[in-house]
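Start counting the sequence shown at 302; every next residue gets the next number (the working numbering). The beta-carbon is built from N, C-alpha and C at its ideal position, and this holds for glycine as well. Only a predicted model underlies this, so the values are computations on that prediction, with no experimental measurement involved.
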Amino acid sequence: MHRDGDIYSIAVSNDLVLTGSSSHRIHAWKPLDCHAKGYIHASSGEVRAMVAHGILYTGSFDRTVKAWRVNEKKCVDSFIAHGGNINDMVVNQQNGYLITCSSDGTVKMWLRVYGENSHALIRVLVFHAYPFHALAFSVAVSNKSFLYSGSTDGTINYWEQEISCRYTHGGFLQGHRFAVLSLVTIENIVISGSEDSTIRIWKREKGRGNIHECLAVLEGHRGPVRCLATFLQKDKFALSFLVYTASLDQTFKAWRVKLSPEDGLEIEN
């Protein structure tokens, strides 16, 4: 791979790995040999967020969201989504809604109008004025869905989807001392990475009013934890998964987490 600015976002679409950077470009790579397959000039700002769902969505510092047909290198929609930088985006796999968060302190939901290749704003979630940096989506066994957002004040706000498809603010998780920069979920577990160099593992209790408990604080990085990923492992008797963390201290770490009713929480680094 050649260097073309700082890389801020990554997504996988069909047989390509896509990266977004400070060069305002989206680069495409073959997965196995990392061979460059070309690039798209995406925006007039840093490409800070990407997610693939049939089409590729990108969000940037110029406040715009763009939708792309990658194979055609064609932008099929472009719109100003926020009043500030777009920092993260996810797709609700249940209904296809695009969800974006921004430095303007809002989370927005967008409906894709398939016949027109356009997007309509359907909901704005606001709880406080702090910038949002990270998003994660979680679906419970009961089919209830939860949306988590991490902000610069160190809190993680969460919203619960009602039967009417409206979202109500359920509360917030407190523990980080500085901004929450990354979020990921796996089943009823929420994992957060922060500017305070720590990773926290939270558990959403089932059937207890959506109470969240911080199970562990992972320490080892010496800089802000900017990226998180998880991989679920097969285990008949426990919830077992790997957590991958990347930090601005230029290190990448892997953690093995095992949660069982009998033995509690076990963590290996």
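Give me whichever residues DSSP pairs with residue i in a beta bridge.
i	result
I502	I492 and A517
C466	Paired residue(s): none; C466 is not in a bridge.
T320	I311 and H328
F362	Bridge partners of F362: none, in fact.
V544	T531 and W556
R523	Per DSSP, none; premise fails for R523.
L474	I457
Given a threshold of 16 other Cβ atoms within 10 Å of its Cβ, counted over all protein chains shown, does residue i qualify as buried or as exposed?
i	result
Y309	buried
E567	exposed
M302	Below a pLDDT of 50, predicted positions are generally treated as unreliable, and M302, at 48, falls in that range; the measurement from the model is reported next regardless. The residue in question, M302, is exposed, as its Cβ has fewer than 16 Cβ neighbours within 10 Å.
I341	buried
V414	exposed
R478	exposed
C466	exposed
W556	buried
K367	buried
S404	buried
N388	buried
A421	exposed
S561	exposed
V408	buried
N386	buried
R505	buried
T499	buried
D316	exposed
H429	exposed
What are the start and end residues of the beta strand (DSSP E) that includes residue i?
i	result
Q394	Per DSSP, Q394 belongs to no beta strand (DSSP E) and is neither H nor E.
I487	V481 to I487
V348	V348 to H354
F538	Counting along the chain, F538 falls outside any beta strand (DSSP E), and DSSP gives it neither H nor E.
A532	First, the residue type needs correcting, since residue 532 is Phe and not Ala in the sequence shown. V526 to Q534 is the span of the beta strand (DSSP E), which, as asked, contains F532.
D378	K375 to I381
G565	G565 to E569
V558	F553 to S561
Given a cut-off of 9 angstroms, decide if residue j and residue i are closer than it, judged by their beta-carbon atoms.
i	j	result
V391	L436	yes
I400	L448	yes
G494	V518	no
K472	N458	The question names Lys, but residue 472 is Gly in the sequence shown. Yes. Within cutoff.
I492	T531	yes
G397	A382	no
N393	S446	yes
G451	H434	yes
L484	W460	no
L474	C515	yes
R370	G384	no
I502	V558	yes
Y545	K554	yes
I327	V348	yes
A480	G521	no
R424	Y468	yes
L533	I464	no
G565	S548	no
(request) Entirely within the region 405-471 and at least 4 residues each: give me those alpha helix (DSSP H) ranges in chain order. (result) none
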